[in-house]
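In what follows, a structure is listed as structure tokens, so that the remarks can point back to it.
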Amino acid sequence: MTASRLSSGGSAIDRSRPISFSFDGRTVQGFEGDTIASALLAADVAVVGRSFKYHRPRGIWGAGVEEPNALVDVAGSVRATPNTRATTEPALAGLVAKSVNATPNAAADRNAFIDRFSRFIPAAFYYKTFMWPDWHLFEPRIRAVAGLGKVDPDWKSPGPADQINRHCDVLVVGAGPAGLAAAKLAAGAGKSVILVDDQPLLGGSLLHRDAEIDGKPAAAWVDGTVAEIEGAGHLVLSSTTAFGIYDHNLIALNQRHHDGRPDTLWRVRPRQIVLATGAIERPLPFANNDLPRIMSADAALAYLRRYAVLIGRRIVVATNNDSAYEVAGALATAGADVTLVEMRKNALPAAPSGVKLLAGRALVSARGGMRVEGVTLDDGTSLAADSVVVSGGWTPTVHLFCQARGKLAWDETRAAFLPGDPVEGISVAGALNGAVALSDVFSSAAKATSAIGETKAVAPRSTGAEAIGGVLAAWPIPSAKGRVWIDYQNDVTAKDVELAARENFVSVEHLKRYTTLGMATDQGKTSNLAGLALMANITGRTVPEVGTTTYRPPFTPVPLASFAGALGGELMSPVRRLPLENVHRANGAVFQEYGGWLRPAHYGGAGADADRTIQDEARRARQSVALFDGSTLGKIEVMGPKAAEFVDFIYYNTMSTLKPGRCRYGFMLSENGVVFDDGILVRLDENRFVVSCSTSHVASVHARLEEWRQDRFGRGAVYIHNATSEMATLTVSGPNSKKLLEALDLGLSLDDAELPHMAIGEGRFGEDAVRIARVSFTGDRSYEVSIRADRAEPLWARMQETGKALDAVTIGLEALMILRAEKGYIVIGKDTDGTTLPHDLGVDGPRTKRKNEYVGRRSLFTDVAMQESRLQFVGLSVAEGEPPLATGTHAIAKGGGKLRSQGFVTSSYHSPTLGRPIALALIERGASRHGETIDLQHLGMLRHATITGPCAFDPSGERLNA
């Protein structure tokens, strides 16, 4: 046994509270405060996972979010999470952890043989190998072996995750020495502060590095500073990762809970962000540098001092900078035989007591199988070792800065990218800004907060000894012997980067995708810079000339439940309800969801024959009078001195010529010219309109109106008010609709001369004002009566009572769909698709006549918009006695020896009025092909239909005034 738990020490663990859990079926002992990784190391478990492509054995590399190897699937009574880092997941009693990408486990993976064939499966081999004869032959098997962890389908979610919105003056990301100092100074300036850190214990490197601050040990200074910040009423969040910065300084935080609760998503908008995110230690390049028990030097020190775990007895420490000297000394003090291999020759710190120093040397290879057994130096020296810890320098964690559109500057002395020109609202401090000595860290924190305001707090001072030495860049070199691993998680070697360069994938973004360097959950935290430096060497460029890939959120994986929050079921998509829902239910309505609204599909009760009931409702509606609840139609008011100009810009049709008291049908287009919505626009007076839009588009039309109002019109010119939920709209349609409405005595004349089709009038029902619009979606004489939603029930009851003498029928939406299809009236999104332009629907006048600007105008004159082969709106009829066509049926034509689609059926019904099937469709050049018989195919069945005009019933429109 090499790694072991020391009998004393360990600031993060509570030895009085032992716990046990299982890993790959083995029971592992630990203490409260352990992570899975620290407990596995204490138990001398070397192999904790298998690499993604070659299934090589991999051990623990780091101690935090930078860990690329130790991914585990976690299950148990508290939580079930796939692909979680063992270095950040606490070891809880009863927890069940399983290594990923290994069968049956990491120690005995049956797929380990794949590594023997690695020479035949280099980077991008799948792009070249599986193209012939057909990718789809290989796809199922490749997808079956892809991925790492597995989701437990039986896990029951503990419930919705919390989402919290917060504002503050200053948000400090990182609670290491720089972040704590910045938060203290900002709080002292009287600002509200939020301090976040991804570790459960605050302090960052001060938790395991020797330091003295203001004459106190580092731990005491950390505790006192945190207590001071919290005591002043500021918010401190541990176990919380700032994973993304978005527009307007919105910063997203994911707070982890380990007590069974789901994570919490915080959306914070601070006035100022201070990034003190620190730096990540880099590996060193040498052959077989991925063997288990080769790990980060800083991580080895963290495990020693935080968890009292000594990772080995014979340890080689390899470095190119000063930071590893403290590690070597601490390991030696703990009882290990330590050899320090130093790449630099001059200006070196003194060798720690008990440590053998080999200066001017470098590792060229490691040997071993399931764990490292020794190393070879560049002078041929062979050293036996059960553990190797390496420090190849430090890479500042610039992810968040770059997400905020910050640009980086290359620092040759530190061999790293640092934040460049300042970004408004964001300042940087600490190791992120290149500070090495603790005194420099505190100075950078003071500078980062200097613009926030004068502070009463005193900046902390480092009062202990400091190591300030430089770094000797250690990058992979081309044509090195053996396999030098650059990206542990994605199995990318130096030879893969060389291959990418030979095949001209020299762009940094192409390199990433060709080799998968820096992808997956690791996001290149330990690998990107080495890969960039190697490509620079190969291509004769500098590292900054190669550049970096785009940093995208999230910085670390965030559970989907956090993004979803409480947005599930009706909280995700709230079902909107009619004011008269209970009345309709009492009348036997069968409800379905349409466009987010719960609406009557038909009446007659749940036990009725739905098809027969719907046909009967549609037939009776044509014969006498139908009542329909149309309250879901949009009623968005547009008001202001420029309201007429605004609606002209929004609509495809010219609307400013509409007279008060009149209505006009029109289209709204998207910027690409596609029909976005249709409906009636009502002009109430000179500066007031009502947009009556489709039920399912109310929210999107409202948002669209607000967007264009803000873009082109000021608040003093146009106001938008969505009154949809305020008013109920009750529709009366059919030959006897005028008789029914006259019997209600609404206080206005219904004569055609005074209230013609497409006009509105004002009346009263009792004490309540009503608005009556003479518009029709059935082709029959129709009236839409709008009244306050809370006063609709008496009016509806009166309509039904009065309608009894006229054989009135209450219809649901399904019958209405038949009635409108008989007339060839469209439903946007059903009879149109994402390419339908207004002239495809036969409405070409505004396109050819309007000269002023409107949304989508330019797109109507593109080459695609002018194509003669566009799908156009038509009707279809089938031979007598044939059943209706299936919606979605494709019209087919032969071309080049193969069948191709030339359009499809959008709506299809049996018309009880006509006694035959009707259908609407989008067909290539359909407007010029009326009378032509075409072939249609659906589920292998061939049919025939004749192209007709869309209107199958009352094409002359006489019934509008019948």
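For what it's worth, the working numbering labels the leading residue of the sequence shown as -6, then goes sequentially. C-beta atoms are modelled at their ideal positions from N, C-alpha and C, and glycine is treated no differently.
On a CA-only basis, which of the options is nearest residue i? Give me that one, please.
{"i": "Pro153", "options": "Arg254, Thr233, Glu221, Val58", "result": "Arg254"}
{"i": "Ala473", "options": "Gly52, Ser769, Thr828, Asn282", "result": "Asn282"}
{"i": "Ser70", "options": "Ala117, Ala63, Lys149", "result": "Lys149"}
{"i": "Arg767", "options": "Gly55, Val725, Phe123, Gly399", "result": "Val725"}
{"i": "Phe236", "options": "Pro546, Leu425, Asn680", "result": "Pro546"}
{"i": "Pro471", "options": "Phe279, Ala35, Thr406, Thr448", "result": "Phe279"}
{"i": "Leu376", "options": "Leu141, Gly386, Ala359", "result": "Ala359"}
{"i": "Leu228", "options": "Pro263, Thr508, Ile187", "result": "Ile187"}
{"i": "Ala168", "options": "Ala212, Trp128, Asp155, Cys161", "result": "Ala212"}
{"i": "Lys628", "options": "Lys652, Arg681, Glu925", "result": "Arg681"}
{"i": "Gly413", "options": "Ser432, Ala430, Leu431, His392", "result": "His392"}
{"i": "Gly362", "options": "Val40, Arg613, Leu492", "result": "Val40"}
{"i": "Leu88", "options": "Phe639, Asp252, His883", "result": "Asp252"}
{"i": "Thr72", "options": "Ile222, Tyr818, Glu925, Pro146", "result": "Residue identity differs from the one stated: residue 72 is Arg in this sequence, not Thr. Looking at the Cα atoms, Pro146 is the closest of the given residues."}
{"i": "Glu630", "options": "Arg702, Glu586, Asn575", "result": "Arg702"}
Hey, residue i and residue j: beta-carbon distance below 8 angstroms or not?
{"i": "Leu356", "j": "Leu333", "result": "no"}
{"i": "Val802", "j": "Asn729", "result": "no"}
{"i": "Arg286", "j": "His201", "result": "no"}
{"i": "Ser742", "j": "Leu734", "result": "no"}
{"i": "Leu957", "j": "Gly533", "result": "In the structure displayed, the chain extends from -6 to 955; residue 957 sits before or after that span and is not available."}
{"i": "Pro83", "j": "Thr28", "result": "yes"}
{"i": "Ile1038", "j": "Leu33", "result": "Absent from the model: residue 1038. The displayed extent of the chain is -6 to 955, so no value can be given."}
{"i": "Val163", "j": "Lys184", "result": "yes"}
{"i": "Leu953", "j": "Ser685", "result": "no"}
{"i": "Ala559", "j": "Gly633", "result": "no"}
{"i": "Asp622", "j": "Leu662", "result": "no"}
{"i": "Gly427", "j": "Pro170", "result": "no"}
{"i": "Leu425", "j": "Thr390", "result": "yes"}
Given this structure, state the Cα-to-Cα distance separating residue i from residue j, to the nearest angstrom.
{"i": "Gly740", "j": "Ser900", "result": "40 angstroms"}
{"i": "Thr828", "j": "Phe897", "result": "13 angstroms"}
{"i": "Tyr645", "j": "Arg495", "result": "54 angstroms"}
{"i": "Arg657", "j": "Ser649", "result": "10 angstroms"}
{"i": "Asn845", "j": "Leu698", "result": "19 angstroms"}
{"i": "Ala220", "j": "Val667", "result": "59 angstroms"}
{"i": "Ser346", "j": "Glu447", "result": "45 angstroms"}
{"i": "Pro957", "j": "Lys177", "result": "Only positions -6 to 955 of the chain appear in the structure, and residue 957 is not among them; the question remains open."}
{"i": "Ile308", "j": "Leu324", "result": "8 angstroms"}
{"i": "Trp387", "j": "Ala56", "result": "15 angstroms"}
{"i": "Pro537", "j": "Ala402", "result": "8 angstroms"}
{"i": "Leu(-1)", "j": "Tyr300", "result": "9 angstroms"}
{"i": "Gly659", "j": "Pro75", "result": "52 angstroms"}
For residue i, I'd like the list of residues in its chain whose CB is within less than 8 angstroms of its CB, leaving aside the five on either flank, ordered along the chain.
{"i": "Ile107", "result": "Lys46, Tyr47, His48, Ile114"}
{"i": "Ser870", "result": "Arg909, Pro910, Ile911, Ala912, Ala938, Thr939, Thr941, Ala945"}
{"i": "Val867", "result": "Leu913, Ala914, Leu915, Ile916, Gly919, Ala920, Arg922, His923, Ile940, Thr941, Gly942, Pro943"}
{"i": "Ile821", "result": "Val668, Phe669, Asp670, Asp671, Ser687, His690"}
{"i": "Thr535", "result": "Trp403, Ala529"}
Over the uninterrupted beta strand (DSSP E) stretch that includes residue i, give me the two end residues.
{"i": "Met934", "result": "934 to 941"}
{"i": "Val21", "result": "19 to 25"}
{"i": "Met810", "result": "Segment 806 to 815 is the alpha helix (DSSP H) holding Met810; no beta strand (DSSP E) there."}
{"i": "His883", "result": "883 to 888"}
{"i": "Cys395", "result": "Here Cys395 belongs to no beta strand (DSSP E); instead the alpha helix (DSSP H) covers 392 to 396."}
{"i": "Asn158", "result": "156 to 166"}
{"i": "Glu794", "result": "Element bounds for Glu794: not the beta strand (DSSP E) but the alpha helix (DSSP H), 785 to 796."}
Among residues of its own chain, excluding the 5 on either side of residue i, which ones have a beta-carbon nearer than 6 angstroms to its beta-carbon?
{"i": "Leu591", "result": "Val568, Arg570, Phe584"}
{"i": "Leu173", "result": "Thr218"}
{"i": "Leu277", "result": "Ala311, Val383, Gly385, Ala467"}
{"i": "Gly353", "result": "Lys338"}
Taking the alpha helix (DSSP H) that residue i belongs to, which residues open and close that run?
{"i": "Val219", "result": "211 to 224"}
{"i": "His129", "result": "128 to 138"}
{"i": "Val464", "result": "From DSSP, Val464 is part of no alpha helix (DSSP H); its letter is neither H nor E."}
{"i": "Arg612", "result": "603 to 616"}
CB-CB under 7 angstroms to residue i, same chain, minus the five flanking residues each way: which ones, in chain order?
{"i": "Arg843", "result": "Thr647"}
{"i": "Ala397", "result": "Ile238, Val416, Ile419"}
{"i": "Leu876", "result": "Note that residue 876 is Pro in the sequence shown, not Leu. If we look at Pro876 and ignore the five residues flanking it on each side, its Cβ neighbours are Pro910."}
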